[in-house]
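Protein chains in written order, with numbering that gives the first Met the number 0: chain F, 0 to 382; chain C, 0 to 382; chain Y, 0 to 344; chain P, 0 to 344.
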Amino acid sequence: MKINFTEEQNLFREEVRSWLEVNVPKKPLLSLDTKEGFEQHREWEKTLNSGNWSMVTWPKEYGGRGLDLIRWLIFEEEYYRAEAPTRVNQNGVFLLGPTLMEFGTHEQKSKFLNAMATGDHIWSQGWSEPGAGSDMAAIRTTAVLEGDHYKINGQKTWSSRAAYADWTFGLFRTDLQSERHRGLSFILVSLDTPGVTVRPIPQLDGEPGFAEIYFDDVIVSRENLLGEDGEGWKIAMATAGFERGLMLRSPARFQQTAAKLLKLYYKNKDHCSPMLQSKVVEAWAESESYALSIYHTASKILAGGSIGSESSLGKIFWSELDHMMHQTALKILGASAELVDSSEHDAAQWIKGFMFSYGGPIYAGTNEIQKNIIAERLLGLPK
Amino acid sequence: MKINFTEEQNLFREEVRSWLEVNVPKKPLLSLDTKEGFEQHREWEKTLNSGNWSMVTWPKEYGGRGLDLIRWLIFEEEYYRAEAPTRVNQNGVFLLGPTLMEFGTHEQKSKFLNAMATGDHIWSQGWSEPGAGSDMAAIRTTAVLEGDHYKINGQKTWSSRAAYADWTFGLFRTDLQSERHRGLSFILVSLDTPGVTVRPIPQLDGEPGFAEIYFDDVIVSRENLLGEDGEGWKIAMATAGFERGLMLRSPARFQQTAAKLLKLYYKNKDHCSPMLQSKVVEAWAESESYALSIYHTASKILAGGSIGSESSLGKIFWSELDHMMHQTALKILGASAELVDSSEHDAAQWIKGFMFSYGGPIYAGTNEIQKNIIAERLLGLPK
Amino acid sequence: MNFNFTEEQLQFKNTVKSFLSDECSPDSIRDGWEAKKPFNHDRWNKIANLGVLSSNLPEKDGGFGIDQVALSLMIEEMGYAALPEPVAEQIFLINDLMPLLPDSIKEEIKNTYQTGSNFISVAHPLSPNPLFLNDAAGLLLFNEDTYQFALTEDIDFISLVSNDPSRELSKINSIQKSVSSSEEFEKINSAVAARGALMTGCLLIGLAQKMLDLSSLYALDRTQFGKPIGSFQAIKHMLADVAVKIEFARPTIFRAAHSLLENNPKSALHCAHAKYMSAKAAELACKNSIQAHGAMGYTWEMDLHIFMRKAWSLMACWGNEDKQQDIIYKTLTSSEEELGVLYTF
Amino acid sequence: MNFNFTEEQLQFKNTVKSFLSDECSPDSIRDGWEAKKPFNHDRWNKIANLGVLSSNLPEKDGGFGIDQVALSLMIEEMGYAALPEPVAEQIFLINDLMPLLPDSIKEEIKNTYQTGSNFISVAHPLSPNPLFLNDAAGLLLFNEDTYQFALTEDIDFISLVSNDPSRELSKINSIQKSVSSSEEFEKINSAVAARGALMTGCLLIGLAQKMLDLSSLYALDRTQFGKPIGSFQAIKHMLADVAVKIEFARPTIFRAAHSLLENNPKSALHCAHAKYMSAKAAELACKNSIQAHGAMGYTWEMDLHIFMRKAWSLMACWGNEDKQQDIIYKTLTSSEEELGVLYTF
């Protein structure tokens, strides 16, 4: 155990910092849930790619830098420190990317990873269906193999980013006789394909963070099948692990929030009771613990270990923490905790984050589902 | 709505206070979980009875004063204010008493209520069995009717006070072919009856708060059947309602704890961080809310209403509150929060209460069971 | 000692409940949002005609002279329906406060305010951005150590956007002309703060109850893993927890209302207690309701957020949980005598 | 940056684990309670022979020179077994502190203390009642602004009863003779407070893990309503919540140990963080474990309370959650610069 950064790691940090200082847009981009904002964010992905920062852990041939997870955590720390834009392509770079790396053919990797890195393909998720939310094995959208292509019929919902994205990935039932987890396949579909209809779902802030995707005799080449026919569940489980785990929820985001919260409290402490101190301390302590745990996990992976139920434990921890921090911020803000006016930038940002934080315990498998997983897989309790 | 005490109610309060001032033992009694302490507490029941204070709500003929629930709440407030001894016969006066009043024959009332009021009969509970804890319908101890008596065989457990009590009441299976809730009867058994063996269960503090009761061909007169044969479940549900509800958990106990907690904090506030204030305020606010709610319920009952799922709601509320208050006290006490030495009276009392408070969410139907009841009966969710 | 409501108190509550259930549906609220006119003048007039706006005026002034307990029952229903119009504010912060104001200000308000036809907005350090000031006839404004009344036309203000589209807020820049006073400032300031706390507390309890009802219905309706999600213990328990919080917050509302009625010297403490408990109940109701709804709870389409938004706003204004906590602590420790108090009444 | 343990570190941990699993069963602890001799000298000698007591002494003094990270792994196991003997105290509060003490005190301790044969007790304002002082050779005592060392025979003390029968405590009345110093008091006082916090944190994580393991086993075993109680969501979720708390407390232990090793200027903060997180994990482990055990958890017969009692004591001494919270807050706000810090390392 040696938990200090090396000279090289510190140099890398400085490189990231300098680049971000020059390149991060001075003016915040519009919301990526608007058409215009979405394109601004796509531009930012291109800018990142121009500096080879799309995904530092990817091999160079796919637009990455071939660096390890510790470097990635450092990159993320600098990214949040610089308050750089949200990654509009997170479904691609953090979820599908690692999945392709593990299960994709050489052709698939070449075709999709580069276009992902450049921002040419922005990806949406196609997991849930109206009757299959937390219970993903209930998927009914079918993909029937006809020669060298699949014909897809059905409906996906809660597809994040789908309102403006280019592609979607998800599970489809390729064996119509199958039930539950069996007979599902992992297929990539361009949202431009004839027969695809996207209908946005306005979320709490009124913007279309999610969409429904309808498939009506949609023809997709067999080349877009990831892995083998019927292997979909296995691959999806790997992807879901990435989602809950360390790729998508790097600690820097929560540490940044905790640091802002502490500053907010300190600035307002004469206007609020000292009792809020306990929440501010909890925010620091928990975000710091989360970071330590992620560095711990990253070290394990680098030493050849694999990630198990850590991702379920982590998902519960960060989502509860995130909500608590935003709730505390609103208490510090007092009566202004309802103002989303552009003239009230601070309050508006905290309120936006507060609303967003309610989603944490829900998406990517509700916390109730995660607790079942922990009880059954980690503690050995019966199904 | 008129939530002030009347002149008469205030006079009653003064009467209670004066009597208690004279009669409450100056030196705390020994623990009622010791043989000697138990007898001291039985003496105290006799003293209470000598002043006609055994149960002010009972009719005069049974040793009560025929007063209403509001008077009872006032009596309890004064009782806790005077730090009078724990009622060793609470199973009798708070649980079996009201049940007898509702379901007992004239003979049963005469025989049992008076002996209860005088402290001659101290009662234990005989609900749980080794295979029937939270799932009370799984009771297997049998009582077979043979002419004018029952022959009882089987085992009860978690019988509170049974180590030194005189009698027990509980459910027995009188219809051997029956299952679950059906075929159970509510029977009263003297622990002196041949064939009864009592084996104490030492609890957290090492003292026998509970006992197992073994029945080996125990002969009990049919006169000790409460209600009709097979009506046991219905009667037990009424008793359990009393238990969780307002009779056994009068608000004064929790208000007294909250007041002590506030004093403890105030005295030690320079040694602990101001963050504990929030817990102290919560203690006051919740104990006060509980009291308001109980006065509300008492008013409803006095106006002819009945008590429903309030008892489940209340049980969750007071048990969580009680634990939180004791936990907070230990935090205020700092390093002395482990001393049970007689020289450390304050710490020892809080620690004793702290350990006791862990029992709240467990006994009388775990809080998990109460939440199921609330969800199913009050909110209409499916079984 | 009688904690039961009178027939008359319950009748006022039921009248308001049934009116709002017809006239203040989530759809009608959404219509107001879309038109960017959340204040529905038609509904306001109907409420006025129902006598609600004058319900607590003395009979000689054309009211029914109902007390604060009946008011709090009515206001809970306004929360349950997420009523956008500032009815609670008029009856609780203007009508109920009026007798306490000095003649100079009272006269001005009386000259301006015509119950039912128009209304007066209120601003206070604990709730500094008055509601619907653009539509109001005047403003009662509390400062650090004075209070004043001004006609809307004499105020320079700008609009502010609230996270609850039902609330049109304003920020006051300056006031050209007003009547001002500092007479009995402590007493009147404390009276309005207590009323603001209790009013938002009543509304929050109604909102929490509504969210619980919506969630229970949803949990019955929505199936997952082949059964209604309401049959899972996790969902049952998260909703039961909300029921517990509401059950033990509600009596604090009625006690506080009764304290105002009786001029109880502890009424400020009791109102703080009511807001403190209600805000905590509403906070849990928001969290557990959206969780029980899952991703659907996160959408604009479900009505849940109409009630959540109002709850978030009302938790924040007129003193949030933290502020009430502070008031309670300071009151409890203000005298040695208070430190050991055991009795509720 | 490498958060993995070395083979050697894990080996020390496993040796201790397997030794304690054989030699420190709940039954053997109960034997000590019944005999009113919780300190088992036979076990103490075996631990000494295993080299644990000298494990962190320099090799020249007959030790293995292992670092604080390895120590913290070992101490977690002592918590897991609820070991009554003050092994953690010796290695963490005496051995590890020794190099920091001034020569005058160090000499005295060296003359008295013979690793393995006897031991030194410690008292500090955060933990004022030393453990097993009656059996100890001497006492290292921290006061307001001085610290001193005294032989047990020169101390006038009385016994105190702890709620954990494994802990024999004493209250010091007076000291007849001692060596005292105030040299570098701030630094040394802070060093012992940090070590006390980290040591109790390590023990608490072990205890929390043990309670979780006992509860999981019980939930598999015990049936209710015709199935193992562990198949009910309520039980699953209450135990999963404990697993989450432990998971995110544990790395804070290792980071704090590493900070001591590296003389990190923030080691006091890191040790406070470790105790804060571990105490919270242990608190929830106690509550949810007893709840999962139901009435059985409330009995003397089940082993659960052996671990709960130790946890309650260790939460209280060497600075409880509240004290650590205070340290963290004061450190974080001690400089403008700290206020915006984002990085962990």
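The C-beta atom is built at its ideal place from N, Cα and C for all residues, glycine as well.
7 Å CB neighbourhood of residue i in its chain, flanking five on each side removed
| i | result |
| --- | --- |
| R252/F | Y79 |
| P164/P | W32, P37 |
| I331/F | L263, Y264, N267, C271, L275 |
With 16 other Cβ atoms within 10 Å as the buried cut-off, status of residue i
| i | result |
| --- | --- |
| R41/F | buried |
| A256/Y | buried |
| I236/F | Note on identity: in this sequence residue 236/F is Met, with Ile being the wrong assignment. Exposed. |
| E287/F | buried |
| L19/C | buried |
| L28/F | buried |
| L99/F | buried |
| Q39/F | buried |
| F224/P | exposed |
Residues bridged to residue i (per DSSP)
| i | result |
| --- | --- |
| H344/F | Beta-bridge pairing links H344/F to no other residue. |
| F212/F | Checking the sequence, you will find Ile at residue 212/F rather than Phe. The partner list for I212/F (beta bridge, DSSP) reads K155/F, V197/F. |
| V160/Y | E167/Y |
| T171/C | It is Phe, not Thr, that sits at residue 171/C in the sequence shown. BP columns for F171/C point to S184/C. |
| W166/C | W122/C, S189/C |
| F141/Y | Y146/Y |
| T141/C | N152/C, R172/C |
| Q202/F | T298/Y |
| T114/P | N117/P |
Within 8 Å, strictly: CB atoms of residue i and residue j
| i | j | result |
| --- | --- | --- |
| I252/Y | I327/Y | no |
| N366/F | S318/F | yes |
| A284/F | H269/P | no |
| I138/F | E145/F | no |
| L150/Y | T114/Y | no |
| G194/F | D174/F | no |
| G96/F | M54/F | yes |
| N287/Y | V241/Y | yes |
| S311/F | Q369/F | yes |
| W126/F | A164/F | no |
Residues of its chain near residue i, where Cβ-Cβ distance is below 8 Å and the 5 sequence neighbours each way are ignored
| i | result |
| --- | --- |
| M354/F | L203, D204 |
| K25/F | none |
| W232/C | A136, L170, H180, R181, L183 |
| V92/F | S53, M54, R86, M115, A116 |
Simplified DSSP assignment, three categories, for residue i
| i | result |
| --- | --- |
| G96/F | helix |
| A81/P | coil |
| H123/P | strand |
| S127/C | coil |
| E185/Y | helix |
| T222/P | strand |
| Q147/Y | strand |
| K36/Y | coil |
| S305/F | coil |
| S292/C | helix |
Cβ of residue i within 8 Å of any chain A Cβ
| i | result |
| --- | --- |
| S230/Y | The structure shown contains no chain A; the protein chains it does contain are F, C, Y and P. |
Contacting residues, own chain, Cβ-Cβ under 6 Å from residue i (five flanking each side not counted)
| i | result |
| --- | --- |
| P201/F | P207 |
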